[in-house]
Structure formats: structure tokens, C-alpha cells
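Numbers -27 to -1, 1 to 237, taken from mature numbering (1 follows the signal peptide of the UniProt record, and there is no 0), label the letters of the sequence shown in order.
A virtual CB, placed ideally from N, CA and C, is assigned to each residue, including glycine.
As C-alpha cells, the structure follows; a few thoughts come after it.
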Amino acid sequence: MEFNKTNRIIVIFTVSILVTISTHVESRSDSPFSAPAPAPEVMKPIASPANSPAEIYTDSPAASLEAPADSFSPTNPPSEIDIYSPATSPEALVASPEALAESSSAAPSGIKVSSSPRSLLNPPLLSPEIKTICGKTDNPPLCESSVSPLLTPQLKPDTSSVLILAIQASITATKAAMATVEKVDASDCQELYDDAVVNLEEAVNAVKSSDIATVNTNLSAAMTDYSTCNDGFEESGEPNPLADVADKLTKMVSNCLAISTLIK
Ligand SMILES: *[C@@H]1O[C@H](CO)[C@@H](O)[C@H](O)[C@H]1NC(C)=O
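Here's what the structure looks like:
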């Protein structure tokens, strides 16, 4: 009799603990933005050395575009960081400690062991801030695909930082087009594409000094460079072998202009 009573108390006690824990976990996953609760299972990976990017990001308010890449710990060199993984998205680092904990343990292999439906169904490829900014351009998918290879964990996803990345992507794309431009043997187009690069580089500097009028002038000038090259082919009646290249570059720089109008 005494034994049965003790057993019942143990069972009731155990069940109530389980209910408390599961309710707790449920509420945590329902509200990823709530403050991390002291759930030992979930928080454990946070304290592991492999998780250093989170500490770097949250502990260094000075983190910026120019932050040195060597601020990473040897356990997690930049080359191993997957920019598409939630662990290195600044958004995830700040907002979702449990998503971070889940993904950081799996990050080196790139295999997700997470069983969270939220992160499996809707992986945060780009932070919401960047998606919002690109959403204001005429060509959001091009904006996102231009910017995402240049993202770093230290990036503050504000408008100026995203604009600089979008312009840098345009510079890279214009330089990459030079090989094609040279093959075409239209010397004025070579000069025009060179001038576009100079304009884009000056636009980056103007963003850094918050001179948005100059940003707009230089971005517009780069677009004029591409179209002036196109005009040459149109006037001569020859087919334009740079039509597709110029079209993509024009869209990229047009996206930059749209982003620059968001800066107050
Ligand atoms: C960029 O714009 C500024 C301000 O209008 C202008 O002075 C500068 O010459 C432009 N840069 C280029 C390469 O045209």
C-alpha cells in the first residue's frame, strides 16, 4: 500500500514535469523573438566554441562592412561559413537563438539535424531586411541574387550597406562583361564600360560619405554608358552582341538607383 502510494506520487510528479517542459518548449518555438529561457538542452550549443560567430556579432557593436575577416576564431574560419545557413545570417544570430543552436551543431557538414518545422519549411536564406529592400526594386530576384554572394555575418542589413553590396555586384558584373566587350571590337563600348566601372566605384564612395545626389548622378551615368554602347549598334544596323549583357547590367544598376531612393 505504502509502495503504491509512493509510485503514484512519482508518476504524477514526473508527468507534471514533462508537461511543464513541453509547454515551455512549445512556447519557445512559437515565439522565436522572446528572450532565451534557461532550457539547458537548447542553450547548450550556444556555449560551445564552434558557435563563435554569434558571440562576435553580438559582442562587437562595431561590426561593419569593414570588419576584418580574421576576427573569426580558428574553429570556424570564414571559408567554412555557409552564407545561406541560418547560423550566419545576422538576423538569425540576433533573433533566434534556438535556430542558431540547432544549425550550428550541423553547420560544418551542411546537414541539418534540426527537426524544427519552422526552419525546415522556411529556411531563412536572406534576412527579412534584405528581402524588404530588394522588394522595393524593379527586379527583386536579381537584387537578391546579386547581393547574397557578398553577404558577410558582420553585415548590418541596413539600406546603405545593402546598396554598397548591390553596386559592388554591378562593378563585378561590368568587369566580367569586359571580356565580351573586347571580343566585339567596338572600341567606344570598351571606353563606355570602363567609364561605367569608374562611375560605379565613385557611387560606392558617395554612399559611404552619404552624398546621395552624387550616388544617383554616378549610377545614372553608368546606365547611360551601357545604353550609349547599345545605341552604336542600333545606328549601324548591326546586331548587338552585347544586348543581353547590357540588359542585365542596366537592371542591376537600376536596382541600385531604387535602393538609393530609400535612403533618407
Ligand atoms: C559622379 O558624380 C559627381 C557629382 O555629380 C561628379 O562630379 C563626378 O564626375 C561623377 N563621376 C563620374 C565618373 O562621372
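Point to revise | Among LEU165, GLU174, VAL135, the one whose alpha carbon lies nearest that of GLY108 | key: VAL135
Exercise for review: Kindly indicate which three-state DSSP category LEU128 falls into: helix, strand or coil?
Suggested key: coil
**Study point:** Other residues of its chain near ILE144: CB distance less than 7 Å, five sequence neighbours each side excluded
**Key:** VAL170, LEU173, GLU174
Check your understanding: So does ASP167 have its beta carbon nearer than 8 Å to some heavy atom of ligand 1?
Key -> no
Check your understanding: Do GLU175 and ligand 1 come close, with the Cβ less than 8 Å from some heavy atom?
Key -> yes
**Study point:** Where ASP115 sits in the DSSP three-state scheme
**Key:** Just to set this straight, residue 115 is Leu in the shown sequence, not Asp. Residue state, collapsed to three classes: helix.
Point to revise | Continuous alpha helix (DSSP H) stretch holding ASN203: start and end | key: 185 to 209
Review point. Less than 8 Å between the CB of VAL171 and some heavy atom of ligand 1, yes or no?
Key: yes
Practice item. In angstroms with no decimal places, state the Cα-to-Cα distance between residue 242 and SER160. Key: Absent from the model: residue 242. The displayed extent of the chain is -27 to 237, so no value can be given.
**Study point:** Run of the alpha helix (DSSP H) containing ALA231, from where it starts to where it stops
**Key:** 216 to 233
Point to revise | Span of the alpha helix (DSSP H), counted from its first residue to its last, around LYS104 | key: 101 to 108
Check your understanding: Going by Cα to Cα distance, which pick from SER100, ASP158, THR110, GLN141 is closest to LEU235?
Key -> THR110
Practice item. Check each candidate in ALA176, ALA152, LYS129, THR153 and name the one with the smallest Cα separation from ALA142. Key: ALA176
Point to revise | Proximity test, ASN112 beta-carbon vs ligand 1 heavy atom, cut-off 8 Å | key: no
Point to revise | Distance CB(LEU165)-CB(ASP198) smaller than 9 Å | key: yes
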